[in-house]
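Below is one structure, written out as structure tokens; comments come after it.
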Amino acid sequence: MVLGELAAGFFSPALSPVTAVGSAVIDAVPPGVKDWAVAVFGVADKLALLAGMGLVIAALAGLAGVLERRRRFAGVALTAVFGAVGLVAVLTRAQATFNAAALAVVTAAGAGALLRFLIRRLEEWKDNTSGQAADPVQPRRRFLQALAGGAVVTAIGGILAGVWRGTAAVVSEARNRLMLPVPASPAPPIPAGAEAGINGMPPLVTANPDFYRIDTALAVPSLNPDTWVLNVTGMVDREVALNFTELLAKPLIERHITIACVSNSVGGDLIGNARWLGWPVRELLALAGPWPGADMVLSRSTDGWTAGTPLEILTDGRDALLAVGMNGEPLPLEHGFPARLVVPGLYGYVSATKWVTELKVTRFADDAGYWTPRGWSERGPIKMSSRIDAPRSGERLRKGPVVFDGVAWAQRTGIGKVELRVNRGQWQQAELARAISPDTWCQWKLGVDLAEGQYEVQVRATDLAGRVQDGQDRPPAPDGATGFHTVRVDVQT
1 MVLGELAAGF
11 FSPALSPVTA
21 VGSAVIDAVP
31 PGVKDWAVAV
41 FGVADKLALL
51 AGMGLVIAAL
61 AGLAGVLERR
71 RRFAGVALTA
81 VFGAVGLVAV
91 LTRAQATFNA
101 AALAVVTAAG
111 AGALLRFLIR
121 RLEEWKDNTS
131 GQAADPVQPR
141 RRFLQALAGG
151 AVVTAIGGIL
161 AGVWRGTAAV
171 VSEARNRLML
181 PVPASPAPPI
191 PAGAEAGING
201 MPPLVTANPD
211 FYRIDTALAV
221 PSLNPDTWVL
231 NVTGMVDREV
241 ALNFTELLAK
251 PLIERHITIA
261 CVSNSVGGDL
271 IGNARWLGWP
281 VRELLALAGP
291 WPGADMVLSR
301 STDGWTAGTP
311 LEILTDGRDA
321 LLAVGMNGEP
331 LPLEHGFPAR
341 LVVPGLYGYV
351 SATKWVTELK
361 VTRFADDAGY
371 WTPRGWSERG
381 PIKMSSRIDA
391 PRSGERLRKG
401 PVVFDGVAWA
411 QRTGIGKVEL
421 RVNRGQWQQA
431 ELARAISPDT
441 WCQWKLGVDL
451 AEGQYEVQVR
461 ATDLAGRVQD
471 GQDRPPAPDG
481 ATGFHTVRVD
491 VQT
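If you're matching positions, the sequence shown starts at 1 in full-length UniProt numbering and goes up one per residue.
Below, the structure is given as structure tokens:
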């Protein structure tokens with residue numbers, strides 16, 4: 001594993017056999033497993049996968065040692081199987097190259113050679129303890145030296161694998177040097193009264209380090225903005241190739257937009273609100289000239305992930321952006337640097353392509369995004385919902401006035417009102433803060449006088465068109481969770 005990571009560090013983390021196998025696992029697991037992983041581990045789902053892979057690899061490496069000790073080349077054969085699995089995984093990735101395939105082969109060969117070398121030294125030591133060695137000290141010394149050397153190489157390799165990420169370092173430095181242009185259309189100021197002003201309530205605008213990250217990339221792609229190109233292809237009059245310098249020269253606009261993951265459970269935190277800077281996608285598509293029969297844009301990430309977005313949504317006048325900035329700075333690497341898509345009103349799985357390199361104008365009848373063949377809905381409009389942020393479920397409170405607060409969202413329409421009910425009683429209307437725009441969430445609060453006892457508190461939203469939030473409990477799959485967020489609190493004297 002260290003050999004593969006170390007070698008990949010010289011080229012790209014995406015070439016790592018471990019990363020390739022992990023990505024293949026993500027591709028292969030059923031949607032239910034993916035939902036479980038997100039529900040249990042949240043944004044740490046990839047870390048959990050890598051930790052699990054590390055344990056499995058360690059166990060298999062130990063098994064290879066036992067097999068090789070009992071029968072010559074049996075353990076080496078097992079490492080060859082490891083290598084074959086890594087090679088197949090690498091070749092199935094979108095970034096598959098000759099270097100990546102060669103890296104998988106060399107990694108397996110090196111692991112097999114190292115295993116055979118250590119077992120040979122161990123056998124010499126065994127011969128020594130049986131009295132068969134001419135020098136009873138040298139075999140043990142050579143084995144311990146080999147073992148120590150392997151440990152040192154592993155430790156150094158692990159360090160260097162993290163340090164020698166040449167491409168990532170170059171890209172990170174390029175991002176740090178980047179000065180974003182002044183937007184041709186700045187974001188409107190946040191209106192007075194948009195912040196409810198309650199301690200403990202999440203901020204109206206989510207800070208970049210706190211913004212949720214859900215994607216299929218085990219290793220964050222590193223795209224050099226100097227060589228990045230976005231290609232518009234497919235059913236168009238003119239194919240377009242746009243580089244980063246050309247993109248920054250366009251009349252960029254800045255907007256506050258809330259985006260959410262379809263895996264977000266009712267009351268979940270896989271949602272965030274940020275100030276995005278980018279070029280309207282409709283203007284880019286206008287340069288290409290989509291054909292009349294086209295109805296979908298298949299956006300592709302550098303790692304091969306795809307999203308199928310309705311063409312009409314990208315051209316209907318909403319602020320769908322080819323974004324380069326987030327909250328006043330260049331996109332963080334983990335959020336898509338140098339460019340990504342941000343589309344108001346759609347879940348990320350059908351719109352929010354990070355590290356985007358291609359927009360293919362096509363038809364739903366001919367193409368599908370990454371998650372559609374895996375059981376998710378073809379189109380994914382964000383559903384109106386609301387959340388109680390405080391108090392948290394399970395909290396113990398003192399009797400008397402209790403302030404409940406949270407957020408609600410109904411993108412493209414806006415929130416008209418938010419209501420709470422206690423123990424399935426009458427709905428009580430909350431105080432609603434002003435929204436930045438219909439494309440953002442808004443905050444709310446309501447004070448409720450509670451006597452001693454156990455309480456179940458639920459929240460629901462109504463949009464400006466008079467539609468009431470769906471209260472039927474449904475899981476995220478296949479097109480987003482529904483139901484009323486519920487908290488249970490214990491009020492004491």
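Positions of the beta carbon are idealized from the N, C-alpha and C atoms, including for glycine. As the structure is a prediction and not an experimental result, all values here were calculated from the model.
Original post:
With distances taken between CB atoms, is the gap from V324 to R275 smaller than 8 Å?
Top reply: no
Subject >> For C442: DSSP bridge partner residues >> reply: The partner list for C442 (beta bridge, DSSP) reads A408.
Original post:
Going by the CB atoms, is the gap between G345 and P290 shorter than 8 Å?
Top reply: no
**OP:** With DSSP collapsed to three states, give me the class of G325.
**Re:** Residue state, collapsed to three classes: strand.
**OP:** Would you decide whether R165 is buried or exposed? Buried here means 16 or more other CB atoms lie within 10 Å of its CB.
**Re:** Only weak support exists for where R165 lies, its pLDDT of 48 falling under 50; the value from the coordinates is given anyway. R165 should be labelled buried.
Original post:
Between V418 and A408, what straight-line distance do the alpha-carbon atoms span, to the nearest angstrom?
Top reply: 7 Å
**OP:** Could you check what DSSP says for I388 in three-state terms: helix, strand or coil?
**Re:** strand
Subject >> Helix, strand or coil at E452 according to DSSP, with G and I counted as helix >> reply: Of the three classes helix, strand and coil, the one that applies to E452 here is coil, per DSSP.
Original post:
Helix, strand or coil: which one does DSSP assign to D210?
Top reply: helix
Subject >> Local Cβ density within 10 Å of T245, reported as buried at 16 or more and exposed below that >> reply: exposed
Original post:
Which same chain residues, not among the five before or five after A155, have their C-beta less than 7 Å away from its C-beta?
Top reply: Caution is warranted here: a pLDDT of 48 is assigned to A155, below 50, making its placement in the model unreliable, and no coordinate value can be reported.
Subject >> Range covered by the alpha helix (DSSP H) that runs through R474 >> reply: Unbroken run through R474: none, as it is neither H nor E.
**OP:** Could you give the DSSP three-state label for A288: helix, strand or coil?
**Re:** helix
Original post:
What residue range is occupied by the uninterrupted alpha helix (DSSP H) comprising L252?
Top reply: Going by DSSP, L252 is part of no alpha helix (DSSP H) at all; its letter is neither H nor E.
Subject >> I271, enclosing beta strand (DSSP E) - first and last residue >> reply: Secondary structure note for I271: its beta strand (DSSP E) is the uninterrupted segment I271 to P280.
Subject >> Continuous beta strand (DSSP E) stretch holding E419: start and end >> reply: I415 to V422
**OP:** Identify every residue that forms a DSSP beta bridge with I259.
**Re:** G272
Original post:
Which partner residues of K360 appear in the DSSP bridge assignment?
Top reply: Under DSSP, K360 takes part in a beta bridge, and its partners are T233 and L298.
Subject >> Residue from R363, I271 and E334 whose Cα sits closest to the Cα of E312 >> reply: R363
**OP:** Tell me whether residue 498 is buried or exposed, calling it buried when 16 or more other Cβ atoms sit within 10 Å of its Cβ.
**Re:** The question about residue 498 has no answer, for the chain in this structure spans 1 to 493.
Original post:
Around the Cβ of V489, are there at least 16 other Cβ atoms within 10 angstroms (buried) or fewer (exposed)?
Top reply: buried
Original post:
If we cut at 8 Å on Cβ distances, does A207 have a partner in chain E?
Top reply: The chain labelled as chain E is not found in the depicted structure, where only one protein chain is given.
Original post:
If you drop the 5 nearest sequence neighbours on each side, which residues of the same chain put their C-beta closer than 6 Å to that of N264?
Top reply: L270 and I271
Original post:
In this structure, what does DSSP give as the bridge partners for Q492?
Top reply: According to DSSP, Q492 bridges with R398.
**OP:** Would you kindly check if the distance between the Cβ of L420 and the Cβ of A433 is under 8 Å?
**Re:** no
Original post:
Given T440, which residues of its chain have a CB within under 6 Å of its CB, disregarding the five upstream and five downstream residues?
Top reply: H256, T258 and N273
Subject >> DSSP-derived helix/strand/coil call for S437 >> reply: coil
**OP:** Check whether the stretch 388-408 touches the stretch 455-466, taking contact to mean three or more Cβ pairs, one atom from each stretch, closer than 8 Å.
**Re:** yes
Original post:
What do you get for M179, buried or exposed, if any count of 16 or more other CB atoms within 10 angstroms of its CB means buried?
Top reply: exposed
**OP:** Kindly confirm or deny that the stretch 275-287 and the stretch 210-228 touch, where touching means at least three C-beta pairs closer than 8 Å.
**Re:** no
Original post:
What do you reckon, are the CB atoms on A196 and R238 nearer than 8 Å?
Top reply: no
Subject >> Cβ shell of V240 (< 6 Å), same chain only, five flanking positions each side left out >> reply: V232, L287 and A288
**OP:** Can you have a look at K399 and say buried or exposed, based on whether 16 or more other CB atoms are within 10 angstroms of its CB?
**Re:** exposed
Original post:
Straight-line CA distance for S185 to E254?
Top reply: 6 Å
**OP:** Would you kindly report the start and end of the unbroken beta strand (DSSP E) that includes L242?
**Re:** V240 to N243
Original post:
Ends of the alpha helix (DSSP H) at L311?
Top reply: Residues L311 to L314.
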